[in-house]
Amino acid sequence: MGTRVDWSNYGALVTSESARAALVLSLQTAVASTLLCLVLGIPMALVLARGRFPGQGLLRSLVLVPLVLPPVVGGVALLSTFGRRGLLGESMEVLGLQIAFSTTAVVLAQSFVALPFLVVSLEGALRTAGERYDVVAASLGASPTTVLRRVTLPLVWPGLLSGTVLAFARALGEFGATITFAGSLQGVTRTLPLEVYLQRETDPDAAVALSLLLVAVAVVVIAATHRRGAGGAVR
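The numbers in this note's numbering rise by one with no breaks, and the one at position 22 of the sequence shown is 1253.
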């Protein structure tokens, strides 16, 4: 890809109006998706790592399904749930809410595929840290919220940070579920991967340039998480 990029025009190729709009939308939705993953993923990881209940293995399997499920299938599932004729879509339509083919749909699609990365990283960190410090804090009178905020999360901070970065990167690169559930409306649902797909037919040079930008982001994310993981191992 590096040999095919028109380096003399690289700046113009990645800063065109459509590319800028797609990049801004991708960053905005990826940040929102990552925050949603944190809200949902931290409790999930805690339940999977510390809980003991029937059906726990099934719950873990359901959480991890997006890792192996084709993203387009995830998009179909989301469309069947939140689409105009979906399981919840008709009720939401009555309330004046339309999820499918909106920016909200992009956030949901990205969260669907990114959530397992956060849960897996955090669950592993929680299992490694153990429960002894939590038990000590609770025995000294700390409330569950205080234990979580002052003891548990600081102990697993490297794992939480790595999972958050991986979830952000996965959300930023999401394509299949997004185009199926949200479509490709410029400025509304057309993220950077969708822009690459469309430019491939009309402007191959721009498609390669934008693809290389996504590759660079992926390399930076992998290097950052690897360094963080190595630092945690040393400690």
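For each residue, glycine too, the CB sits at the ideal point set by N, CA and C.
Query                                                                                                                                                                       : Result
State the CB to CB distance for the pair residue 1295 and residue 1342, rounded to an integer number of angstroms; the pair is presumed to be in contact (CB under 8 Å).    : Incorrect: roughly 15 Å between the Cβ atoms, too far for contact.
Quick one: is residue 1233 buried, meaning 16 or more other Cβ sit within 10 Å of its Cβ, or exposed?                                                                       : exposed
Ordered along the chain, which non-local residues of its own chain (more than five positions away) have a Cβ less than 6 Å from that of residue 1437?                       : 1244, 1430
Can you give the Cα-Cα distance for residue 1249 and residue 1426, rounded to whole angstroms?                                                                              : 8 Å
By Cβ distance below 6 Å, which residues in the same chain neighbour residue 1302 in space, the five residues on each side in sequence not counted?                         : 1344, 1407, 1408
Give the C-beta separation of residue 1357 and residue 1277 to the nearest angstrom, bearing in mind that I take them to be a contact with Cβ-Cβ under 8 Å.                 : 7 Å
Closest to residue 1282 by C-alpha separation, out of 1449, 1362, 1325, would be which residue?                                                                             : 1362
Taking the beta carbon of residue 1315 as the centre, do at least 16 other beta carbons fall within 10 Å, making it buried, or is it exposed?                               : exposed
Taking 8 Å as the cut-off, does the stretch 1256-1265 touch the stretch 1398-1407 (at least 3 CB pairs, one atom from each stretch)?                                        : yes
Give the straight-line distance between the Cα atoms of residue 1331 and residue 1364, rounded to the nearest whole angstrom.                                               : 45 Å
Return the chain-ordered list of same chain residues with a C-beta closer than 8 Å to the C-beta of residue 1271, the five sequence neighbours on each side being excluded. : 1342, 1346
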